[in-house]
Every structure is written in structure tokens, then in C-alpha cells.
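In UniProt numbering, the protein residues as written are 1 to 293. A virtual CB, placed ideally from N, CA and C, is assigned to each residue, including glycine. On a predicted model such as this, the values are computed, not experimentally measured, just so you know.
As C-alpha cells, then:
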């Protein structure tokens with residue numbers, strides 16, 4: 001069974017999707033329309049921008065989303081038995097599975113990016129990757145810090161990202177290292193994504209998601225906050241809203257997909273980050289990038 005997976009922030013690179021734009025009429029048509037919908041030239045930043053330009057949340061999220069959607073639309077034999085996306089990638093996955101129009105998806109992703117940016121400016125906050133420590137131990141230590149820090153991304157065994165206030169992350173880093181973490185690396189992000197610090201963004205995005213039409217997708221989508229499959233539009237909407245303040249349970253999602261029969265994981269989008277994570281979660285499955293038609 002084939003599982004198609006879609007990456008989140010961190011997969012961007014200068015020149016992304018330029019080759020698709022130049023070689024496929026459909027890609028050109030979609031990218032040109034995307035620039036019109038957004039009211040600025042996202043394509044110019046994607047094709048010509050620097051690493052620094054692409055790191056701005058309001059650019060990164062729509063850029064990765066657009067690239068991923070193009071790959072799915074241009075892909076050879078796109079016939080998913082199930083889909084999933086890491087954080088922002090959940091929107092790309094939903095579009096690819098026919099649950100959301102790509103135009104509505106782009107509008108939501110851009111609103112999400114702006115709302116997250118605003119939430120980041122309210123309280124200085126950040127994220128850090130914790131390597132080489134059991135999930136339960138990380139959760140225990142975060143639990144001792146009075147809500148200042150939470151486990152935000154369960155990426156693969158031995159790699160969890162924590163999210164919280166700047167001072168909370170500093171305290172957590174000391175405690176986690178003392179408990180045996182190999183490394184605790186502060187990440188170059190604007191704020192504490194997938195934590196209660198994103199509540200203002202959740203409230204803002206909830207209204208936009210509620211007002212958007214979501215159809216029943218052609219296959220189950222394994223969602224970040226539950227790590228369970230869904231094809232129910234009402235449930236999918238709620239999980240997309242909860243995702244802003246809830247954890248990305250990627251390890252658990254991949255394990256659930258394997259348990260549901262997934263043998264091949266095909267990554268749709270820029271980079272190969274998810275292929276590496278999937279292999280660390282389940283060594284027996286096959287991983288590949290989407291082939292273009």
C-alpha cells in the first residue's frame with residue numbers, strides 16, 4: 001500500500017519549483033494564479049530569493065505548500081491509499097487527496113503563516129530539538145516547567161522538538177542534558193509553534209477553516225494531532241485547527257500508517273526530510289521521492 005507524505009517548514013531551498021514552472025504548462029498556470037491570489041510574487045522569492053528570504057514564515061509556508069501541491073499534481077501514478085503531512089504539510093496532503101481545492105488551501109496556509117507570525121510577536125518564544133532521549137523522559141521534564149515548555153514535534157525515535165518561552169527552553173535544555181540527552185539544539189524559528197503560545201493564531205485560523213469547504217478526501221488522511229486516519233470533513237477541520245497549539249505526532253502517525261498496511265512512503269515536495277524520518281521510524285518500509293510524469 002502506498003502512503004504519500006508532504007513536508008513542512010525547513011524543506012525550502014533557493015530556486016524551488018523553478019524547474020517545474022519552466023517545464024510544465026500546468027505548473028506555470030498554477031504558480032501564476034497563486035501569485036494573483038496572494039497579491040505578491042511568491043514565485044519571484046521562490047525562484048530568485050536567498051535562504052534568508054525563504055526563511056520568513058509568510059513566504060516559507062506558502063512556498064513549500066505550493067511546491068508540494070505541484071509535485072502531487074504532476075506526479076506519475078499519484079494513487080494514494082493514505083496520506084499525511086508534517087505540520088504545514090497536512091494542508092498539502094488534504095489538497096492532494098481531493099479534500100480541499102488548491103486555491104482554498106493556499107489562502108488558508110497564507111493566513112496560517114501570518115497568524116503564526118503575529119502570535120510570535122506577542123511573547124518571545126522558540127523551539128529546540130532534543131536528540132537521544134526517550135519521549136517519556138522529555139515529557140516528564142517539560143511537565144515540571146509549569147506550562148512554559150511542551151513537546152511539540154515527535155519526529156522520530158530519539159528526535160523530539162520542544163516549544164516554549166525563551167527562558168523555559170533554556171531551563172529545559174539544562175535539565176534535558178542532565179537527564180542524558182545527547183544534544184539540545186535551539187532552532188532558528190520565530191516562535192513556539194505547536195504549543196499553547198500559538199493560541200491567538202489558533203483562534204484566528206479557526207474562523208477561516210470553519211468558513212472553508214472541505215470535502216471527503218479520496219483516502220484516509222492521518223492527522224498530526226491524533227495520529228489517526230480520518231475522512232470526515234468535520235473531524236478534519238477540527239484537527240487542522242487543533243494542530244496549531246497541539247503536537248505533531250509524526251512518529252505515531254507513521255507507525256499507524258504502517259500498521260494500516262503502508263509499505264511504500266512517497267514524499268511529495270521539496271527535499272527528502274520525511275524519507276529520512278520514516279526510515280528511522282520503520283526500517284522495513286520503502287521510501288522514495290515522487291516521480292514526475
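Open item on the list: Looking only at its chain, what residues have a beta carbon closer than 6 angstroms to the beta carbon of residue 275, apart from the 5 residues adjacent to it on each side?
Closed with: 267 and 287
Open item on the list: My output table needs one value for residue 186: the three-state DSSP class, helix, strand or coil.
Closed with: strand
- [ ] Give the single residue among 208, 20, 66 and 255 whose Cα lies nearest to the Cα of residue 222.
- [x] 255
Open item on the list: According to DSSP, simplified to helix, strand and coil, what is residue 276?
Closed with: helix
Task: Cβ-based neighbour list, residue 8, same chain, cut-off 6 angstroms, excluding 5 preceding and 5 following - done: 86, 87, 88 and 89
Open item on the list: Is the beta carbon of residue 162 closer than 8 angstroms to that of residue 130?
Closed with: yes
Open item on the list: Please report the distance separating the alpha-carbon of residue 188 from that of residue 147.
Closed with: 22 angstroms
Open item on the list: Quick check: the segment 175-195 against the segment 135-145, are at least 3 beta-carbon pairs closer than 8 angstroms?
Closed with: yes
Open item on the list: Runs of 4 residues minimum, wholly inside the segment 148-225: which ones carry the alpha helix (DSSP H) assignment?
Closed with: DSSP runs (the alpha helix (DSSP H)) wholly in the segment 148-225: 166-178 and 199-210.
- [ ] Could you work out which residue in 20, 3 and 63 is closest to residue 11 when comparing CA atoms only?
- [x] 63
Task: Inter-stretch contact (C-beta, 8 angstroms, three-pair minimum) for the segment 93-102 and the segment 208-221 - done: With a cut-off of 8 angstroms, the segment 208-221 and the segment 93-102 count as touching, because enough Cβ pairs lie within range.
Open item on the list: In this structure, how does DSSP classify residue 229 when only helix, strand and coil are distinguished?
Closed with: strand
Task: Where residue 286 falls: helix, strand or coil (DSSP) - done: strand
Task: Where the beta strand (DSSP E) through residue 267 begins and ends - done: 264-267
Task: Limits of the beta strand (DSSP E) - the one that residue 126 falls within - done: 125-131
Open item on the list: Quick check on residue 116: does DSSP put it in helix, strand or coil?
Closed with: helix
Task: Start and end residues, beta strand (DSSP E) containing residue 85 - done: Taken as a continuous stretch (DSSP letters only), the beta strand (DSSP E) holding residue 85 covers 82-85.
Task: Burial state of residue 79, where buried means 16 or more other Cβ atoms lie within 10 Å - done: Exposed, since its Cβ has fewer than 16 Cβ neighbours within 10 Å.
Task: Buried/exposed call for residue 36, threshold 16 Cβ in 10 Å - done: exposed
Task: Three-state class that DSSP yields for residue 99 in the structure shown - done: coil
TODO: Decide yes or no for the touch test of the segment 58-72 against the segment 10-25: beta carbon pairs closer than 8 angstroms, at least 3 of them.
DONE: Flag = yes, the segment 58-72 and the segment 10-25 touch.
Open item on the list: Which of the three DSSP states is assigned to residue 3 in this structure?
Closed with: strand
Task: Residue closest to residue 289, alpha-carbon to alpha-carbon, out of 270, 245, 177 and 109 - done: 270
Task: Proximity below 8 angstroms, CB of residue 175 to CB of residue 128 - done: no
Open item on the list: Could you check whether residue 190 and residue 243 sit closer than 8 angstroms to each other, using their CB atoms as the reference points?
Closed with: Not closer than 8 angstroms, so no.
- [ ] With DSSP as the reference, label residue 240 as helix, strand or coil.
- [x] helix
- [ ] Could you tell me the boundaries of the alpha helix (DSSP H) in which residue 11 lies?
- [x] Where residue 11 is concerned, there is no enclosing alpha helix (DSSP H), given that its DSSP letter is neither H nor E.
TODO: Could you tell me the distance, in whole angstroms, from the CA atom of residue 277 to the CA atom of residue 28?
DONE: 31 angstroms
Task: Opening and closing residue of the alpha helix (DSSP H) in which residue 46 lies - done: DSSP places residue 46 in the uninterrupted alpha helix (DSSP H) bounded by 42-48.
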